[in-house]
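Peer 1:
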Amino acid sequence: MSATPRARATGRTLAKLLRPAAAEAPALRSALARAMGTSASSASYSTCAARQTLPPLSTQPRLPHRGLATIARSDIFANITAADVEAFAKILPSPSQILTTIAPESRAASYQAVDPDELDMFNNDWMNKYHGKSQLVLKPKTTKEVSEIMKYCHSKNIAVVPQGGNTGLVGGGVPVFDEVVIQLGGLNQIRSFDEVAGTLVCDAGCILEALDNHIAEKGYMMPLDLGAKGSCHIGGNVATNAGGLRFLRYGSLHGNVLGLEVVLTDGTIMDNLSTLRKDNTGFDLKQLFIGSEGTIGLITGVSIVTPRRPSAMNVAVFALDSYEAVQQVFGQVKKHCGEILSAFEFFDQTSFDVVQKHATAHVRDPFEARHPFYVLIETSGSNKDHDDEKLQVLLEHLMEEGMIQDGVLAQDETQLQGLWALRESIPEAAGKMGKVFKYDLSMPINKMYELVLDMRKRFDEHGVHGEGKDVGAVCGYGHIGDGNLHINIVAKSYDRKIEKIIEPYIYEWTSNVKGSVSAEHGLGLMKATKIGYSKTPESIEYMKKIKDLFDPKGILNPYKYIQV
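For the sequence shown, our numbering assigns the number 617 to the initial residue and increments by one for each residue that follows.
See below:
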């Protein structure tokens, strides 16, 4: 059905319009329009574009590595030679599994050098923000090949960086200098799926969306959903403990991952691919690798529990006049929807405007006027009548209490995807507007938007905020359900002057309200020296001891994660 009711109608009228029959729709739209004082066409909700994945690597001129001047290459790591490449060629059976700019020593060599441009997609992140200088990319296809590579690197003190889909936001998956890139996309096999228990065992290089599509045929879904799902790898998701849009309903990967297969720094294969839901024997070592960002081992296999795919889903977007109203609506949504609530997202007017102007998909605006805030709610369950009844009661209550000013409710899958695109297109749209300083923070919900306002005020005081100035927009959005705020500061360039206005102020602010400087993106290179804002010296010291235990030579993803 093409029409979606406006929340500006009375609660009772809106409830009636939740599931109109096709034949009734035109008359109902006209009645709603009269109640709103608008035309029938303006009261209807047009089909929106589908969800977006991350854009390809920028083709703009490369910029200097931010912060590179404060980092020096460690001389404990060996320089890669042609002899090293020959050794790797003996491990990897196909010439296509090696990309290198290092010229062979003889014509009889088992590999050929390539142009530096062929390594660009491995040396640069998708935002064109972090840039490495690796001369060698290895593409293993089996755990054994990864093991042999690491055994050799360990013996020669060769630094490595594990890389998945390269969709990270903090520089964790690209080299800083000339580390060897171990690209894990070749490990892409689904090993098993238990349709009774819902347990999936797969290689680390499997793409998240491909896994979701595979188990969808059996009535299941992956417990996490990301805007980058068409590119990101499950191994990278686990290595960064990715959160995403289903966190509110299904929780952290710490609770969903059942087992891991990990290659340690010396090539040892730690096979702990258990599919057991309960195992109370000894230390739960897999938890150390979840969120470790490839600094203590390379994840090559994942065992994960998957929930049943809901048969009934609803998505609505509401317009609100204050952040206080956002919090009030969240409380009411939890109260009325309970167990069927699967997502509660918010975004401000600036974010909405950036999407309308710059999103590739030309995401359509379903509202007649601008509002300070918007929230997206998603419900998912197994009984549509039951879920619709809960949503109907909720909408009536929100309207009667005046908590929402306007709203749209998806009537089919296309509109559902279109409403999600309003939220998921924000990072992409901001990237098209300019260079984005991205901050991923967690804090008490009542403090989240205070920081956005404070940052805008700070830029105003420095005279750099506004149309035509160095900072064009400060977008505030995120996951209200788990207290995760995303601030996207859109600037003309990655200017150190702007960065100094932001940092360390934004981290100090977050620390003062007992928040975390990384909610879900990880530490990577961007926040490698910032962990002290969220963790005590004692905690950091023991983290370093764990790093030294698993990687005494420091060859795994150096210069990142914990550099205090």
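Using N, Cα and C, we set each Cβ at its ideal position, and we do this for glycine too.
Because the structure is a prediction, the values reported are computed rather than measured.
What residue from L752, S996, R723, G787 has the CA that sits closest to K745's CA?
Peer 2: For K745, the nearest C-alpha among the options comes from G787.
Peer 1: What did DSSP end up calling K775 once you bin it into helix, strand or coil?
Peer 2: The sequence shown places Ala at residue 775, rather than the Lys named in the question. Residue state, collapsed to three classes: coil.
Peer 1: Could you tell me the boundaries of the alpha helix (DSSP H) in which R1039 lies?
Peer 2: Counting along the chain, the alpha helix (DSSP H) containing R1039 begins and ends at 1029-1040.
Peer 1: Tell me the start and end of each unbroken beta strand (DSSP E) in the stretch 892-976 that is at least 3 residues and wholly inside, in chain order.
Peer 2: Fully enclosed beta strand (DSSP E) runs of 3 or longer: 914-921, 928-936, 957-964.
Peer 1: Mapping DSSP to helix, strand and coil, what is T759?
Peer 2: T759: helix per DSSP, three-state reduction.
Peer 1: Closer than 8 angstroms is the cut-off here; do at least three beta carbon pairs connect the stretch 935-943 with the stretch 788-797?
Peer 2: Not touching, per the Cβ criterion.
Peer 1: Is it the case that the stretch 1102-1113 contacts the stretch 1047-1055, given that we only count it when at least three CB pairs across the two stretches are under 8 angstroms?
Peer 2: These segments touch.
Peer 1: Compare the beta carbon distance of G843 and S967 with 9 angstroms and say whether it is the shorter of the two.
Peer 2: Against a cut-off of 9 angstroms, the Cβ pair of S967 and G843 comes out as no contact.
Peer 1: Thinking C-alpha only, which one of K1146, S998, I1096 is nearest S1127?
Peer 2: Residue K1146 is the option with its Cα nearest to S1127.
Peer 1: Quick one: what's got a C-beta closer than 8 angstroms to R1169's C-beta in the same chain, skipping five residues either side?
Peer 2: Contrary to the premise, residue 1169 reads as Lys rather than Arg in this sequence. If we look at K1169 and ignore the five residues flanking it on each side, its Cβ neighbours are I692, H770, N773, T881.
Peer 1: Less than 8 angstroms between the CB atoms is what I'm expecting for A1045 and R925, so what's the real figure, rounded?
Peer 2: Rounded, the Cβ-Cβ distance is 29 angstroms, inconsistent with contact.
Peer 1: Could you tell me whether the stretch 901-918 touches the stretch 871-886, using the rule of 3 or more Cβ pairs below 8 angstroms?
Peer 2: In short, these stretches touch, since the Cβ pair count reaches three.
Peer 1: Using a 10 Å radius around the Cβ and a threshold of 16 neighbouring Cβ atoms, would you call V812 buried or exposed?
Peer 2: V812 should be labelled exposed.
Peer 1: Please return the same chain residues whose Cβ sits closer than 7 angstroms to the Cβ of A705, not counting the five positions on each side in sequence.
Peer 2: If we look at A705 and ignore the five residues flanking it on each side, its Cβ neighbours are I714, S726, Y727.
Peer 1: Go to L1122, then tell me how far its alpha helix (DSSP H) extends in each direction, as first and last residue.
Peer 2: As written in the sequence, residue 1122 is Ile, which differs from the Leu given in the question. First-last of the alpha helix (DSSP H) with I1122: 1121-1128.
Peer 1: To the nearest angstrom, how far is the alpha carbon of V797 from that of E734?
Peer 2: Between V797 and E734, the C-alpha separation is close to 13 angstroms.
Peer 1: Thinking C-beta only, is G907 closer than 9 angstroms to G1183?
Peer 2: Because the chain is modelled from 617 through 1180, residue 1183 falls outside the range shown and cannot be assessed.
Peer 1: Of the residues Y768, Y866, N930, which one's Cα is nearest the Cα of E1005?
Peer 2: Checked all of Y768, Y866, N930; the closest Cα to E1005 is N930.
Peer 1: Please confirm whether D700 and K749 have their CB atoms less than 9 angstroms apart.
Peer 2: No, they are not a contact pair.
Peer 1: Using 8 angstroms for Cβ pairs, my map puts Q948 next to H1013. What's the rounded Cβ distance?
Peer 2: With 8 angstroms as the limit, Q948 and H1013 qualify as a contact, their Cβ atoms being about 6 angstroms apart.
Peer 1: Since V1090 and V1068 are thought to touch, with beta carbons under 8 angstroms apart, how far apart are those beta carbons, to the nearest angstrom?
Peer 2: Their Cβ separation, rounded to whole angstroms, is 6 angstroms, which keeps V1090 and V1068 in contact under 8 angstroms.
Peer 1: Smallest Cα separation from V777: which of K757, Q751, K760, T758?
Peer 2: Ranking K757, Q751, K760, T758 by Cα distance to V777 puts Q751 first.
Peer 1: Restricting to Cα atoms, I'd like to know which of N1100, D1022, S847 is closest to N1062.
Peer 2: Of N1100, D1022, S847, the residue nearest in Cα terms is N1100.
Peer 1: Provide the residue span of the beta strand (DSSP E) that contains E877, from first to last.
Peer 2: Run containing E877: 873-879, per the beta strand (DSSP E) assignment.
Peer 1: Going by beta-carbon coordinates alone, are A959 and E994 separated by less than 9 angstroms?
Peer 2: Against a cut-off of 9 angstroms, the Cβ pair of E994 and A959 comes out as a contact.
Peer 1: To the nearest angstrom, how far is it from the Cα of I1129 to the Cα of I1162?
Peer 2: Reading the sequence as shown, one finds Val at residue 1129 and not Ile. Approximately 28 angstroms between the Cα atoms of the pair.
Peer 1: Kindly indicate the opening and closing residues of the alpha helix (DSSP H) around H849.
Peer 2: Taken as a continuous stretch (DSSP letters only), H849 belongs to no alpha helix (DSSP H), as it is neither H nor E.
Peer 1: Starting from L1069, trace the alpha helix (DSSP H) both ways and give me its first and last residue.
Peer 2: Its alpha helix (DSSP H) spans residues 1064-1077.
Peer 1: Could you pull out every residue in the same chain whose Cβ sits closer than 8 angstroms to the Cβ of E1066, ignoring the five residues on either side in sequence?
Peer 2: Taken in chain order, the list of residues that qualify is empty.
Peer 1: Going by DSSP, which residues form a beta bridge with G1148?
Peer 2: Beta-bridge pairing links G1148 to no other residue.
Peer 1: Can you grab the Cα-Cα spacing for the pair G835 / D887, in whole Å?
Peer 2: So the alpha carbons of these two residues sit roughly 28 angstroms apart.
Peer 1: Taking Cβ positions, are E720 and A698 nearer each other than 9 angstroms?
Peer 2: Note that residue 720 is Pro in the sequence shown, not Glu. Yes, the Cβ-Cβ distance between P720 and A698 is below 9 angstroms.
Peer 1: Within 10 angstroms of the Cβ of H870, are there 16 or more other Cβ atoms? Answer buried if so, exposed if not.
Peer 2: It counts as exposed.
Peer 1: In whole angstroms, what separates the C-alpha of A975 from that of P709?
Peer 2: If I take the Cα positions, the gap works out to 43 angstroms.
Peer 1: Alpha carbon to alpha carbon, how far is N853 from C822?
Peer 2: Spanning the two alpha carbons is a distance of roughly 11 angstroms.
Peer 1: May I ask which residues mark the beginning and end of the alpha helix (DSSP H) holding L1165?
Peer 2: 1153-1166 is the extent of the alpha helix (DSSP H) around L1165.
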